[in-house]
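Sequence positions in the sequence shown follow the numbering used here and run 1482 to 1558. All C-beta atoms in this analysis are idealised placements derived from N, C-alpha and C, irrespective of residue type, glycine included.
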Amino acid sequence: MVSAYILIQTEVGKAAQVTQQVSGIDGIVAVDPVTGPYDVVARAEADDLDGLAKGTVMPMQELDGITRTLTCPVIQL
1482 MVSAYILIQT
1492 EVGKAAQVTQ
1502 QVSGIDGIVA
1512 VDPVTGPYDV
1522 VARAEADDLD
1532 GLAKGTVMPM
1542 QELDGITRTL
1552 TCPVIQL
């Protein structure tokens, strides 16, 4: 199992819409609007990195209102 935080930049005024849309994507376990350089932060889980990319991140990048994403996989120290 892999987990990742996905930092999302949106078009101006689209953070609420994107937050709602992202919450419906498979693998998303939490999503919150935030302030700062990113507008929304999502936490995702998948069986492996390939599943995370193909099942969660790629569908997310196709949503209207998203301009950029940055995926930060969680590691064990």
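Worksheet item: What's the call for GLY1546, buried or exposed, on a 16-neighbour Cβ count within 10 Å?
Response: Stepping through the sequence shown from its first residue, residue 1546 is reached at position 65. Buried, since its Cβ has 16 or more Cβ neighbours within 10 Å.
Worksheet item: At what residue ranges does the stretch 1509-1538 contain a whole run of the beta strand (DSSP E), taking only runs of 3 or more?
Response: Whole beta strand (DSSP E) segments, 3+ residues: 1509-1514, 1521-1527.
Worksheet entry | Contact under 8 Å by Cβ, MET1541 with THR1550 | Within the sequence shown, the letter at position 60 stands for residue 1541. Within the sequence shown, the letter at position 69 stands for residue 1550. Going by C-beta atoms, MET1541 is nearer than 8 Å to THR1550.
Worksheet item: Secondary structure at GLN1490, three-state DSSP: helix, strand or coil?
Response: Counting from one through the sequence shown, the residue named residue 1490 turns up at place 9. Strand.
Discussion item. Quick check on the burial criterion: 16 or more other C-beta atoms within 10 angstroms. Buried or exposed for ILE1487?
Written reply: Here residue 1487 refers to the residue found at position 6 of the sequence shown. With 16 or more other Cβ atoms within 10 Å, it is buried.
Discussion item. In the DSSP assignment, the alpha helix (DSSP H) including VAL1499 goes from what residue to what residue?
Written reply: For the purposes of this step, residue 1499 is taken as residue 18 along the sequence shown, with counting starting at 1. Residues 1496-1504.
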